Each structure stands twice: as structure tokens, then as C-alpha cells.
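Written out below as C-alpha cells is the structure these notes cover.
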Amino acid sequence: MRMSKYFWTLGLFIALVFFLAACGDDEASSDGKVTLDFWVFGATNYEDLAKEYEKQNPDVKIKVRTAETEEHHNGLFTSLSAGSGAPDIAMLEVDQLDRFKDAQDRFSNLYDLGAKDVQDKYLDWKWNIAENSEGDFLFGLPTDIGPKAMFYRVDVFEEAGLPTEPSEVEALIQTKADFIEVGKQIKEETGKPMVDSMEMAYRAIIDGAEQSFFDQEGNLLIENDGNAVKQAYDLAVEMDSLGLVGEYTMWTPEWGNAVNNGDFAVEMGAAWLKGWMIGNAPDAAGQFRIATLPPEFAGNWGGSYISIPKETDHPEEAYAFVEWLVSPENQLVSFQSEAGLFPSSPEVYEMEDFKNTTDEFFGGQSTAQYFAKATEDISVIYKGPDYVSVHNEILTALENVQQGADADEEWDAAVERIKGVISR
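Numbered according to mature numbering (1 follows the signal peptide of the UniProt record, and there is no 0), the sequence shown spans residues -24 to -1, 1 to 400.
Written as C-alpha cells, this is what we have:
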């Protein structure tokens, strides 16, 4: 009996030793700090901000991992599905967000961590996109957004005999019909297309559509009368038939050269495009200006949220960092960085450092105000879990049309492919 008690006591002692050793190893591995893994994608300034947070909070260490957009989201989805390997904090791109909403149980509800206290600091439409359909679960805090404006070539407009001051261009192009008429004049006088590609013509409408492919119950809407996807498709087809669309696929070397050389007149781009132009189209410096798009073309293209997977052992510490990271003050820092992330907090739009920003690349124009104004015409946008895949099917159809295929046949074929995608 005594021997049994001895071995029981010895076993308990050994277990306790191993437990304390494990705890000790964990503490030693992080030098007594809470370590938070933070997965991001694309160009951000979050590494620098993480270092600043560590200075202000010496008991927290932030490990930032950066990947390409597709790799990042696929890796995160795999980790969440497996129930292990997810980070403490993760970015979610707006086009991918609905895909992750189907895994709500794998995320922390930021409303439970105090998000309601900061809700009034952000644009309503940006905030609401991150909620579940019932409005009682928040997947992420808002980061940047992608309000769109008209990037136009001064030299091309001038060659076409058109006004070139932003206020004059806005007065000239107030509707979709105006945009097409100006495009015709530019094509006739210069031989250049109005826009670079079928995708950009299609995005003129689709980026502002409150509902496009699906409703929130998952029903496919694209065959309904008046659906925004078909409207966007038809606009791209019409503009192409008039010779107003170039064949420059975004991000290719050919497209980069076309931007640099002024081979098309207008890019209906998001705020983040400024940074790319400044860094990659040096010969275009001084040739571009920015004006507000007509209301029919207002929309948001891009932007992200910061989420906290349920798997984290440190939800409170993770939330404290996320709330700090996307605060209005730090959104201004992100805007002023090389990443040029456009703020989702209207408080930033009233800050002097934001209002007084000028861009030498755009002839010294204060461009920030145009994108801030564009946020007023953006609504909550529902995209659905399969948005990226079905969107790409429409782009394939438009590319085929530009190469001579029948537009109606390509639309019907795309609809059938989309039905196949969502049935899998």
C-alpha cells in the first residue's frame, strides 16, 4: 500500500515536472512574451507598425508572415479546415471574405472582444460587410478600402481637343453615355482606346453592384432581368464594339508599358493604383490626373479586414493589437507609407496631414480628396463564397468576345460554367 502510494506520488511529481518544464520552454521560446503570429498578403506597412507596437508593448511579440494573395487565403483556409496551424491574426481580402463566413465557428467574434466600442470610427458600408447575415458576429476590423476614381491622361485628352482640368473633366463626364461619347472622340482624334481592357470596362459597373452573382441565401441571380453582372458584361461588349477597349491585361508587361506610354486614355482604378503607378510608370509622371467617376461607375475595388481565428490562445492580446493597428491614427500612417493603403476611417479624411497631401506624379494634385469623396457613393456589397471563381468565368467570356466570339453565345456558355462551379 505504501509502495503504491509512493509510485502514485512519484508519478504525480514527474508529471508536474514535465508540465512545468513545458511551460518553461514556452516562456523561454518567447523570452517571457506573448507571441502572436500575423499572416498578411500583398504590400502593407504592417511589419513596421508591428515593430512600433512591440516598442509600446514590450510583453508582446508580433511575427508577421507575408504571402501572395492566393497562397495566403488558400493556406489560411486549409489551416482553418484542419483545425490546426492557423495564425493568431489574419488578413482577409474583401473578395474572399464571404468564402470564410461559411467557417464562422473557426473565427473569434470581435463583438465579444470589444469591437462595438470602435464601430463609429469606420465607414458604415465597410463595417457591415464584415458582419454575418444576422449582424451579431463580426469577422474582422476594417483596414484599407479601394474607392474608385478616373485616372486620365492629360496629353491624350489634350490631343483629342478635350478639357484637361479635373473639374472640367468631371463636368464633361457625368453619365455612362457621356463616358462613351468622350471615348468616341478620343478614338477618332487619337486612335487610342478609352480604357485598357475588357475587365476594366466590365468593372465600371460590377464594382459598385450591391448584389451581383448571388443573394445571401446563395441563389444565383445572373439570369434575372436587370442583373448587374449582365449590365456590366453588356457595357464591356458595347464599348469593345465601338473600338473603345484596348487589349492590355492588367499587371502584364504590355499593360505596364501602355500605362507608361499613354496608349489608352482612362483607367477606372482604385486608390491603391496610385502607388503602383508612381513606382512602375516613371515616364507617365505629370501626365495623369484624377477626377471623380460618374455615379453609375462609383464602386469599391479591394480592401481587407483583420480577423482573429478561434484557434488563438491569446484572443485579448490579439484584439488589442488589431484595434491599435487599424485605428484612425495608424490608418493615416499606412496611407502615408509606400503601401499607400487608403483609410476606411472617415476621421482620417479630416486630418490635416491627409487633406494637405499632394502627389507630384499627378502634377501636384491633391488626389486624396477625390477618393474620400468616392466613398460616399459606395454601398454594402454582397459577393458570395464563390465570387472569385464565377467572376473569372465572366472575364473569360469577355476575352473570347474581344477575339471575335459571339457575345450572346459566350454569355450563355459562361452562365453554364458558373452553374457547374457552384454545383461542385
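Every residue gets a Cβ at the ideal spot worked out from N, C-alpha and C, and that includes glycine.
Predicted model, so just to flag it, every value in this text is computed and none were measured.
Alpha carbon to alpha carbon, what distance is there between residue j and residue i?
i, j, result
"Ser310", "Ser320", "11 Å"
"Ile398", "Ala177", "25 Å"
"Ala204", "Lys27", "44 Å"
"Ser6", "Val40", "Only weak support is given to the placement of Ser6: the predicted model assigns it a pLDDT of 46, under 50, and the value that follows is read from those uncertain coordinates. Between Ser6 and Val40, the C-alpha separation is close to 15 Å."
"Thr54", "Tyr325", "38 Å"
"Pro123", "His367", "19 Å"
"Gly380", "Ser173", "15 Å"
"Ile284", "Leu308", "23 Å"
"Thr288", "Ala180", "40 Å"
"Lys9", "Ile38", "10 Å"
"Gly396", "Trp231", "32 Å"
"Ala350", "Ala62", "36 Å"
"Glu110", "Val70", "19 Å"
"Leu25", "Phe330", "19 Å"
"residue 402", "Trp300", "Residue 402 lies beyond the stretch modelled for the chain, which goes from -24 to 400, so this question has no answer here."
"Ser84", "Lys286", "5 Å"
"Phe127", "Ser188", "25 Å"
"Gly279", "Tyr22", "14 Å"
"Gln32", "Glu323", "23 Å"
To which residues of the same chain is residue i closer than 6 Å at the C-beta, ignoring the five residues directly before and after it?
i, result
"Ala106", "Leu114, Phe115, Gly116, Tyr281"
"Gln150", "Pro270"
"Thr42", "Val16"
"Ala390", "Glu369, Ile370, Ala373"
"Glu175", "Leu371"
"Ala136", "Gln161, Ile162, Glu165, Thr166"
"Tyr392", "The amino acid occupying residue 392 in the given sequence is Glu; Tyr does not appear at that position. Correct list: empty, nothing qualifies."
"Glu272", "Lys152"
"Glu386", "Ala373, Asn376, Val377"
Determine the extent of the alpha helix (DSSP H) in which residue i is found, giving its start and end residues.
i, result
"Ile182", "174 to 182"
"Asn104", "100 to 105"
"Leu317", "Where Leu317 is concerned, there is no enclosing alpha helix (DSSP H), given that its DSSP letter is neither H nor E."
"Gln394", "Note on residue identity: the sequence assigns Ile, not Gln, to residue 394. It spans 383 to 399 - the alpha helix (DSSP H) in which Ile394 sits, taken as one unbroken run."
"Asp154", "152 to 166"
"Phe330", "328 to 331"
"His367", "363 to 378"
"Asn306", "304 to 312"
"Glu352", "Glu352 -> no alpha helix (DSSP H), and no H or E assigned at all."
"Pro142", "142 to 148"
"Tyr295", "291 to 301"
Enumerate in chain order the residues of its own chain whose CB-to-CB distance from residue i is below 7 Å, with the five nearest sequence positions on each side excluded.
i, result
"Gln263", "Arg129, Val130, Asp131, Gly238"
"Ser355", "Trp101, Glu186"
"Trp103", "Gln95, Pro118"
"Thr333", "Ser342, Ala344"
"Tyr98", "Pro118, Ser320, Ser321"
"Thr45", "Phe17, Gly18, Glu69"
Between which two residues does the beta strand (DSSP E) harbouring residue i extend?
i, result
"Thr119", "117 to 129"
"Lys39", "36 to 43"
"Arg75", "Taken as a continuous stretch (DSSP letters only), Arg75 belongs to no beta strand (DSSP E), being part of the alpha helix (DSSP H) at 70 to 77."
"Phe14", "10 to 17"
"Tyr22", "Here Tyr22 belongs to no beta strand (DSSP E); instead the alpha helix (DSSP H) covers 22 to 32."
"Asn276", "276 to 283"
Leaving out five residues on either side along the sequence, give the residues of the same chain with a beta carbon under 8 Å from the beta carbon of residue i.
i, result
"Ala19", "Gly251, Glu314, Ala315"
"Ala234", "Asp172, Gly222, Tyr224, Phe240"
At a Cβ threshold of 8 Å, is residue i touching chain C?
i, result
"Thr11", "The displayed structure is made up of one protein chain only, and chain C is not part of it."
Should the segment 209 to 227 be called in touch with the segment 370 to 380, which here means at least 3 C-beta pairs below 8 Å?
yes
In chain order, which beta strand (DSSP E) runs of at least 3 residues are fully inside the segment 185 to 271?
For the segment 185 to 271, whole beta strand (DSSP E) runs of length 3 or above, ordered along the chain, are 242 to 246, 264 to 267.
So, does the segment 184 to 201 touch the segment 144 to 161, judging by three or more C-beta pairs under 8 Å?
Because the criterion of three Cβ pairs below 8 Å is not met, the segment 184 to 201 and the segment 144 to 161 do not touch.
Are at least three pairs of beta-carbons, each pair with one atom in the segment 181 to 199 and one in the segment 348 to 367, less than 8 Å apart?
As far as the Cβ criterion goes, the segment 181 to 199 touches the segment 348 to 367, which means the pair count is three or higher.
Can at least three beta-carbon pairs, one atom from the segment 288 to 303 and one from the segment 86 to 106, be found at a separation below 8 Å?
yes
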